[in-house]
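In my numbering, the protein residues as written are 0 to 135.
Virtual Cβ for every residue (Gly too), placed ideally from N, Cα, C.
So the structure is just underneath, and the comments pick up after that.
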């Protein structure tokens, strides 16, 4: 297997034109099967979370988990009243997401079958680690 240090990572390029359309079609087909749908819970949330998960390479965690991370982070970001419960939810989401990202970043370093560019991994690791854990 030949690897390029500077190969493009992720799936963003083909995702919108191929995968996203199929995903939207599947979700809409579900409306007909059930006879009704809540636009947010049956379409917007799964479409957004599936998209984010796929582009970030976290799709193995499922869209529900990705949505839960987003809700937790957003609750904490919008916590203008400094509600300790919302802070706790945000911290839990940040820690859980941080572990998932660390596993994703570290996995290619442990396996010889992947071609993830090392430079991308190192840049992502330093950027994400600082965002997830501001103390670093």
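Ignore the nearest five residues each way along the sequence and tell me which others in residue i's own chain have a CB closer than 7 Å to its CB.
i: residue 52; result: 58, 60, 62 and 65
i: residue 45; result: 26 and 62
i: residue 99; result: 57 and 60
i: residue 22; result: 46 and 49
Helix, strand or coil for residue i, going by three-state DSSP, please let me know.
i: residue 24; result: helix
i: residue 35; result: coil
i: residue 19; result: helix
i: residue 61; result: coil
i: residue 82; result: coil
i: residue 89; result: helix
i: residue 77; result: coil
i: residue 56; result: coil
With distance defined between alpha-carbon atoms, name the residue in the options nearest to residue i.
i: residue 67; options: 91, 82, 86 and 77; result: 91
i: residue 104; options: 56, 47 and 76; result: 56
i: residue 71; options: 102, 97 and 15; result: 97
i: residue 29; options: 78, 19, 42 and 80; result: 42
i: residue 69; options: 95, 32 and 81; result: 95
Can you name, in chain order, every residue of its own chain whose Cβ lies under 8 Å from the Cβ of residue i, other than the five neighbours on each side?
i: residue 75; result: 85, 86, 88, 89, 90, 92 and 93
i: residue 14; result: 50, 53 and 54
i: residue 24; result: none
i: residue 78; result: 85, 86 and 89
In chain order, what residues of the same chain lie with their CB nearer than 6 Å to the CB of residue i, ignoring the 5 residues before and after it?
i: residue 36; result: 30
i: residue 112; result: Residue placement at residue 112 is poorly supported in this model, since its pLDDT is 47, which falls under 50; the coordinates are not used for a value here.
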